[in-house]
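Report on one structure; see the data block that follows.
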Amino acid sequence: MNAISKNTAVGTASGSGSHANSLSRKDFEKLAKFIQSYSGIKMPPNKLTMVEGRLRRRLKATGYPTFAEYCRYLFDDGGLEDESVHLIDAVTTNKTEFFREPDHFRLLEEKVLAEVARHRGGRKPVKVWSSASSIGAEPYTLAMVLAEFAARNRGFDYSILATDLCTQVLETAVTGIYPEAMMAPVPDALYQRYVLRDKTPKRGLARIVPELRQQVQFARLNLMDASYPLDSDFDIIFCRNILIYFDKPTQNAVLQRLCSHLRPGGYLFMGHSETLAGFDLPLTLAGPTVFRRN
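Count along the sequence shown starting at 1, add 24, and that's the number in the working numbering.
So this is what it looks like as structure tokens:
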């Protein structure tokens with residue numbers, strides 16, 4: 025969830041609210057409780073300065089001169105309903121890159137795609153879901169791998185759904201425009217086929233080709249929702265490096281819901297720092313942090 029955060033200069037916070045425009049510990053605790061209930065992301069006390077820094081732009085946008093007044097608007101005056109999406113956008117940390125954890129994409133190319141294609145029998149497209157897609161590096165990496173497989177296997181068809189909680193990162197993902205330096209992990213042959221350099225080199229930008237962008241459907245989805253308005257027969261689900269921000273009960277609830285959208289025999293890819301230890305799930309290990317539904 026799993027995007028680019030709103031980065032502003034981090035102000036100096038005393039933690040006690042003694043400074044005229046600091047985030048008090050009491051208001052931070054309210055914000056942290058809401059952020060966790062809404063997004064599942066834990067905000068321990070040592071994140072106070074980070075939250076304060078990232079919310080300064082929201083104060084400017086909403087016209088509130090102090091954190092105390094902004095929090096009063098949120099929690100006492102009913103502002104959360106209108107402000108919640110912007111608040112979550114501001115505090116969400118989104119780290120991503122192309123071909124991150126490359127072993128997953130090798131396994132996908134060498135084993136998983138052929139297997140799920142046999143299951144589909146050419147009757148339906150292979151369905152892939154990137155459930156914490158951030159600014160789009162993961163789903164576009166998937167699209168490159170699947171497009172290459174399709175080029176070698178006549179009749180192979182696929183669809184990719186990419187979702188994230190943060191609206192700002194989804195806007196970036198839809199455009200498919202990135203700093204050229206971000207493209208460094210993309211193999212040269214794939215770069216030549218799927219990436220366009222900016223006509224103005226000084227800007228240092230690159231863009232995913234239109235044909236590949238059209239293969240990915242982006243949508244906002246909160247993994248904390250009690251249910252997901254999605255199909256229940258995905259062949260492949262990527263949910264990488266987002267569960268580490270959740271507590272154990274939340275991890276379990278999210279994983280249970282993900283499994284309900286994964287067809288029997290389908291594959292769940294998790295981040296290399298994540299584990300299923302202690303969870304009772306219908307999954308069997310199929311590779312390093314890759315699991316197959318029983």
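For glycine and all other residues, C-beta sits at the position ideal for the given N, C-alpha and C.
Query: Same chain, Cβ closer than 7 Å to V314, neighbours up to 5 away in sequence not counted; Result: H128, L131, Y291 and F293
Query: CB contact flag (R6, G295, <7 Å); Result: For the chain, the structure presents residues 25 to 318; residue 6 sits outside this window and is missing.
Query: Residues near G107 in its chain [Cβ-Cβ closer than 8 Å; skip 5 each side]; Result: It should be noted that the sequence gives Glu, not Gly, for residue 107. The answer, listed in chain order, is R82, T86, Y97 and L98.
Query: Y62 versus A156: straight-line alpha-carbon distance, rounded; Result: 15 Å
Query: Cβ neighbours of Y88 in the same chain (closer than 7 Å, five flanking residues each side left out); Result: Y94 and Y97
Query: For S158, the three-state DSSP class (helix, strand or coil); Result: coil
Query: Inside the segment 157-237 only - alpha helix (DSSP H) runs reaching at least 4 residues; Result: 161-176, 191-199, 212-218 and 234-237
Query: The alpha helix (DSSP H) enclosing R96, as first and last residue numbers; Result: F91 to F99
Query: Cutoff 6 Å; reference N246; Cβ partners in own chain excluding five residues on either side; Result: L189
Query: Contact check, S158 vs T120, beta carbons under 7 Å; Result: yes
Query: Alpha-carbon to alpha-carbon, G145 and N26; Result: Low per-residue confidence applies at N26: pLDDT is 39, beneath 50, and the placement is therefore not dependable enough to give any value.
Query: Bridge partners - M294, DSSP secondary structure assignment; Result: C263
Query: Distance, R124 Cα to K57 Cα; Result: 31 Å
Query: Assigned exposure category for A197 - 16 Cβ within 10 Å defines buried; Result: buried
Query: Cβ pair C283, L254 closer than 7 Å; Result: no
Query: Nearest to V210 (by Cα), restricted to the options A301, E195, Y269 and A161; Result: A161
Query: Same chain, Cβ closer than 6 Å to Y164, five either side skipped, listed in chain order; Result: I232
Query: From C263, T90, A310 and P288, residue whose alpha carbon lies closest to that of S297; Result: C263
Query: For F52, the three-state DSSP class (helix, strand or coil); Result: helix
Query: From Q192, E133 and R142, residue whose alpha carbon lies closest to that of D113; Result: Q192
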